[in-house]
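Asks: One line per chain: the protein sequences are A and B, in this order. Numbers 1382 to 1700, taken from my numbering, label the letters of the first sequence in order. Numbers 345 to 455, taken from my numbering, label the letters of the second sequence in order. Here you go, one structure.
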Amino acid sequence: MKRFAVSSRTRALPLALFVLLLMQFQAGCGNEDYQKPIKQFQDASAVVISAARQTLLQMNDVEENAELSRQIFQGEAFDEQKIKARDVITHDEIAARTGALDQLARYTSALADLAALKTPADVTKQFQDVGSAFATLAQDAGKLSGTGSLILDNAKFSGAVQAASLGIGTIVRAIEERRARREIEKQIREQDAAVTSLIGLIGDELQAAYERRKTADGQEGVILKNSLKLESEKPGHGDPALRLILGDRLRDWRSHQAPLATADPKPSVEAMNKSHQALVAYVNSDKSPKNLSELIAAAQDFASRVQPLGESLAALLKG
Amino acid sequence: MTEPMTKIDVVRQIGDVLTQVDTQLSAPDFSPSTPEWQQLFALRKHLDDQQRELVQEIIQDDTTTFQGLAKQLSTAADSLKKVATGIAKIGSILKTVSEVSAIVDKILTHL
Chain A
1382 MKRFAVSSRT RALPLALFVL LLMQFQAGCG NEDYQKPIKQ FQDASAVVIS
1432 AARQTLLQMN DVEENAELSR QIFQGEAFDE QKIKARDVIT HDEIAARTGA
1482 LDQLARYTSA LADLAALKTP ADVTKQFQDV GSAFATLAQD AGKLSGTGSL
1532 ILDNAKFSGA VQAASLGIGT IVRAIEERRA RREIEKQIRE QDAAVTSLIG
1582 LIGDELQAAY ERRKTADGQE GVILKNSLKL ESEKPGHGDP ALRLILGDRL
1632 RDWRSHQAPL ATADPKPSVE AMNKSHQALV AYVNSDKSPK NLSELIAAAQ
1682 DFASRVQPLG ESLAALLKG
Chain B
345 MTEPMTKIDV VRQIGDVLTQ VDTQLSAPDF SPSTPEWQQL FALRKHLDDQ
395 QRELVQEIIQ DDTTTFQGLA KQLSTAADSL KKVATGIAKI GSILKTVSEV
445 SAIVDKILTH L
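Encoded structure:
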């Protein structure tokens, strides 16, 4: 009997060691497996935020230049007031949108750390920072809601930021109060509709801005080609120097058509939203392999969609 | 079951129509000195203004009225694609673009 007991202990020890090693191995794998999609998410988010900023920043220039070209082409007197009247967005409106995207990316990173088997206490500061940044954003967006925008629905944006801010605030409180992990995960799941709705709204606004850019650019092409046609219709095909100048501008216009065609930020923002949702599902699934595969696929898709956007933006900036 | 259309879908659809109008206006044999070209360019400017106005308008896009008008717009935009390009068809193109513009006017005034 004693011999059996000794034998049992000696057999149990390697088994316990094996289980311990297996647990460590699984924990390590979990971390490594999900590190790649999170890094992809962070890199791709940085491109989306930069694309959003660039798309919004150029909105006034796009509208103003289109009006100036039209006035010149149609032989109207130069009218600075009419040109300035085309301005559609303020610096504060741009700052609020890009700030929201920035904080949304930071929130997803904090969720990722929570998913990385860290205890809620380890990520308290990260969540608190995002929570207070959202509270400030909500205040700033609230100020915008009273101002009539020419192109953006500030009241709707402000409402979406308030909802996301409240939702994230609830999660931060749950973490600060050291509630059970299950309870925190439940809050993350329940509050996520407000977060994804804000990402969706920003995506719609960016797409509207992109459509306006395409429209203005299309008009520029029509004006250049027809100015050249009008000049060529003149006796002796008009002035060769003027034709050359128009030709140069037409060449520039043609060179940015391909990058412009792939500079729509909406598909990338949608992919960002899907990655975020996959991460929330992963956090809520006891880190199941199925959810991890879905997270990896969503982050990969996000990275793939963002790559041409980044290239297009670089080409458009160069042009 | 098709997805309900949103304001952004309508904005994009106007953009598609504008692209087709731009192709027509840029055709080598379509001179800007002709009245038809001037008419189409004026329609283009109007559609451009409408798209800009629509973007800034706060619109309830989940109503039956909006969905009905958005569907009409889709049909008109599709019929523009079917009209062969070329000067010979300029009458049909002007008529269809005017229809598109009239539907967008309805969207802007009735909602």
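We put the CB at the ideal spot given by N, CA and C, even for glycine.
Checking contacts by CB at 8 Å: is A:Thr1596 closer than that to chain B?
Replies: Interface residue, yes.
Asks: One question on the structure: do A:Gln1600 and A:Ser1450 come within less than 8 Å of each other, judged by their Cβ atoms?
Replies: A contact, by the Cβ cut-off of 8 Å.
Asks: Determine the burial state of B:Val444: buried for a count of at least 16 other Cβ atoms within 10 Å of its Cβ, exposed for fewer.
Replies: It counts as buried.
Asks: Just checking my contact of A:Asn1607 with B:Leu391 at CB under 8 Å: how many whole Å lie between their CB atoms?
Replies: With a Cβ gap of about 17 Å, A:Asn1607 and B:Leu391 do not count as contacting.
Asks: Please identify the residue among B:Asp373, B:Asp449 and B:Thr367 whose C-alpha is closest to the C-alpha of B:Gln416.
Replies: Here the closest residue by C-alpha is B:Asp449.
Asks: For A:Ala1486 and A:Lys1417, what's the separation of their Cα atoms in angstroms?
Replies: Cα-Cα distance, rounded: 16 Å.
Asks: With a cut-off of 8 Å, does the C-beta of A:Asp1585 fall near any C-beta of chain B?
Replies: So, interface residue.
Asks: Kindly list, in the order they appear in chain B, the residues whose Cβ is closer than 8 Å to that of A:Arg1593.
Replies: Per Cβ cutoff of 8 Å: Gln395, Arg396 and Val399.
Asks: Could you check where the alpha helix (DSSP H) with A:His1657 kicks off and where it finishes?
Replies: Start and end: Lys1647 to Val1664.
Asks: Against chain B, with Cβ distances strictly below 8 Å, would A:Leu1402 count as a contact?
Replies: In this prediction, A:Leu1402 scores a pLDDT of 38, lower than 50, which makes its location untrustworthy; no coordinate-derived value is stated.
Asks: Can you find a C-beta in chain A that's less than 8 Å from the C-beta of B:Val355?
Replies: Yes, B:Val355 lies at the interface with chain A (some Cβ there is under 8 Å from its Cβ).
Asks: How about A:Asp1587 and A:Thr1471: are their beta carbons less than 8 Å apart?
Replies: Residue 1587 of chain A is actually Leu in this sequence, not Asp. Result no, Cβ atoms of A:Leu1587 and A:Thr1471 do not sit closer than 8 Å.
Asks: Could you name the residues of the same chain whose beta carbon sits closer than 8 Å to that of A:Val1504, not counting the 5 residues immediately before and after it, in chain order?
Replies: These residues qualify, in order along the chain: Ala1491, Asp1494, Leu1495 and Ile1556.
Asks: Between the region 346–373 of chain B and chain A, which residues of the former have CB atoms less than 7 Å from a CB of the latter, in chain order?
Replies: Within the region 346–373 of chain B, the residues whose Cβ lies closer than 7 Å to some Cβ of chain A are Ile352, Val355, Arg356, Gly359, Leu362, Thr363, Asp366, Leu369 and Ser370, listed in chain order.
Asks: Less than 8 Å between the CB atoms is what I'm expecting for B:Leu413 and B:Ile358, so what's the real figure, rounded?
Replies: Rounded, the Cβ-Cβ distance is 13 Å, inconsistent with contact.
Asks: Would you mind reading off the limits of the alpha helix (DSSP H) that contains A:Lys1463?
Replies: Here the alpha helix (DSSP H) through A:Lys1463 covers Glu1461 to Lys1465.
Asks: State the DSSP-derived secondary structure class of A:Ala1686, mapped to helix, strand or coil.
Replies: The sequence shown places Arg at residue 1686 of chain A, rather than the Ala named in the question. In the structure shown, A:Arg1686 sits in a helix (DSSP, three-state: H, G or I).
Asks: Can you have a look at A:His1657 and say buried or exposed, based on whether 16 or more other CB atoms are within 10 angstroms of its CB?
Replies: Buried: at least 16 other Cβ atoms inside 10 Å.
Asks: If you draw a straight line from the alpha carbon of A:Leu1547 to that of A:Leu1582, how long is it in whole angstroms?
Replies: If you take the alpha carbons of A:Leu1547 and A:Leu1582, they lie about 17 Å apart.
Asks: In terms of residues, what are the limits of the alpha helix (DSSP H) holding B:Thr350?
Replies: No alpha helix (DSSP H) contains B:Thr350, which DSSP labels as neither H nor E.
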